[in-house]
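In the UniProt record's numbering, the protein residues as written are 1 to 332.
Contents: one structure, followed by commentary.
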């Protein structure tokens, strides 16, 4: 007799039917498992939410515990040749957060960053309630005033390396400054600035234009140069410069009267009578001078010798004194 198969066994049929129910009545046995699973999921979700809340609270505590002295701005020293005020203000603007926009934290950070002359300047412009925007306006007006591309080239052409400064360092600093200043400029803008900087070397009007006006295209450059050339040609034709060339009205000579001779038509400085009188007077004075010389020569006293008291010769040429000297020589 063959053993009974599981399908034929009553216990086997009951076990199989319990594992694979074929009616809705059999699903009631899995209902407690589903309820337990939903309850565990809700607990896990609540646990995750509580963990997130704890993490946010910890971040807030760390943020509030930060001291105002944690902000460190890059140093700014205007006495250094390679300092760039425009680049510094852009960098500092990215470092300033909401907690440092005003008040003591901002002033502490700025006082630590300003060096040299900038530190003294900060103490003179600071005021209660100054914000970061106020400081940027003051700083830009003092150290980062708007500079045209042409004026930058003019200033760069006039700069020289310091004594005993390495040329490699000087060239690297200049290269960095040029790349930073010309970043974002077109080829036309650079060409226009180069032309203006070159012409400024021998034309003062173009030099002033280079520092005051930002010319960024060829059309405007041609307009400005044409205007300067037109004014330069027109300048000698102005009324102020040609006043001395104007024809003056003819003077009525008949109304001129000489105060020396009383005649009309000439001035006293051009009077012929006065000129003739002056010539005759000079001749008279010369004749009188010579006559007085002759008279004084005739009236002067005769020459007297102090050795022999004779007249007509001096003691140095006295003949009697010579004879005495000869007698003495013979006696000796």
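Each residue gets a CB set at the ideal place from its N, CA and C atoms; glycine is no exception.
Nothing here was measured: the structure is a model prediction, and the numbers come from that model.
Query: Compute the distance between the beta-carbons of residue 360 and residue 259, then report whether it is under 8 angstroms.; Result: Because the chain is modelled from 1 through 332, residue 360 falls outside the range shown and cannot be assessed.
Query: So with Cβ pairs under 8 angstroms, would you call residue 117 a contact of chain D?; Result: Here there is only one protein chain, and chain D is not present.
Query: Distance check for residue 102 and residue 130, CA to CA, integer angstroms please.; Result: 6 angstroms
Query: Tell me whether residue 342 is buried or exposed, calling it buried when 16 or more other Cβ atoms sit within 10 Å of its Cβ.; Result: Any answer about residue 342 is impossible in this case: the structure gives the chain only from 1 up to 332.
Query: Buried or exposed, going by whether 16 or more other CB atoms sit within 10 Å of the CB of residue 197?; Result: buried
Query: Can you give me the Cβ contacts of residue 118 inside the same chain, cut-off strictly under 8 angstroms, excluding the 5 residues immediately before and after it?; Result: 76, 77, 78, 143
Query: Looking at the structure shown, is residue 304 part of a helix, part of a strand, or coil, going by DSSP?; Result: strand
Query: Restricting to runs no shorter than 4 residues, where is the alpha helix (DSSP H) found entirely within the UniProt domain "CCHC-type" (257 to 271)?; Result: none
Query: Are residue 106 and residue 122 closer than 8 angstroms when you measure CB to CB?; Result: no
Query: Rounded to a whole number of angstroms, what is the C-alpha to C-alpha distance between residue 179 and residue 54?; Result: 49 angstroms
Query: Among residues of its own chain, excluding the 5 on either side of residue 321, which ones have a beta-carbon nearer than 6 angstroms to its beta-carbon?; Result: 307
Query: Below 8 angstroms between beta carbons: does that hold for residue 148 and residue 214?; Result: yes
Query: Is it true that the CB of residue 89 sits closer than 8 angstroms to the CB of residue 139?; Result: yes
Query: Given a threshold of 16 other Cβ atoms within 10 Å of its Cβ, counted over all protein chains shown, does residue 135 qualify as buried or as exposed?; Result: buried
Query: Could you tell me the distance, in whole angstroms, from the CA atom of residue 221 to the CA atom of residue 192?; Result: 7 angstroms
Query: According to DSSP, is residue 175 part of a helix, a strand, or is it coil?; Result: helix
Query: When DSSP labels each residue in this structure, what does residue 311 get in the three-state scheme?; Result: strand
Query: Consult DSSP for residue 202 and reduce its assignment to one of helix, strand or coil.; Result: coil
Query: Could you give the C-beta distance for residue 92 and residue 74, rounded to a whole number, given that I count them as a contact under 8 angstroms?; Result: 7 angstroms
Query: Verify whether the separation of the beta carbon atoms of residue 228 and residue 205 is less than 8 angstroms.; Result: yes
Query: Please give me, in chain order, every unbroken run of the alpha helix (DSSP H) with length at least 4 that falls completely inside the region 46 to 117.; Result: 85 to 95, 103 to 113
Query: For residue 158, which option in 190, 173, 231, 201 has the closest C-alpha, if you only look at C-alpha atoms?; Result: 201
Query: Can you name the start and end residues of the alpha helix (DSSP H) that residue 131 belongs to?; Result: No alpha helix (DSSP H) holds residue 131; DSSP gives it neither H nor E.
Query: Among the residues of its own chain, which have a CB less than 6 angstroms from the CB of residue 153, if the five just before and after it don't count?; Result: 193, 197
Query: Check for me: the alpha helix (DSSP H) holding residue 152 runs from which residue to which?; Result: 149 to 158
Query: Quick one: Cα of residue 316 to Cα of residue 303, how far?; Result: 12 angstroms
Query: Closer than 8 angstroms by C-beta to residue 217: which residues in its own chain qualify, once you throw out the five before and the five after it? Chain order, please.; Result: 188, 189, 192
Query: May I have the straight-line CA-CA distance separating residue 182 from residue 59, to the nearest angstrom?; Result: 43 angstroms
Query: One question on the structure: do residue 71 and residue 95 come within less than 8 angstroms of each other, judged by their Cβ atoms?; Result: yes
Query: Identify, in the order they occur along the chain, each residue of the same chain with its Cβ nearer than 6 angstroms to the Cβ of residue 19, setting aside the five sequence neighbours on each side.; Result: The pLDDT assigned to residue 19 is 47, lower than 50, so where the model puts this residue is not dependable; a value taken from the coordinates is nonetheless given after this. Answer for residue 19: no residue qualifies.
Query: Using three-state DSSP, classify residue 190 as helix, strand or coil.; Result: helix
Query: Output needed for residue 115: all residues of its chain with C-beta closer than 6 angstroms, excluding positions within five of it in sequence on either side, in chain order.; Result: 75, 77
Query: If you draw a straight line from the C-alpha of residue 97 to the C-alpha of residue 170, how long is it?; Result: 35 angstroms
Query: Closer than 6 angstroms by C-beta to residue 150: which residues in its own chain qualify, once you throw out the five before and the five after it? Chain order, please.; Result: 193, 196, 197, 210
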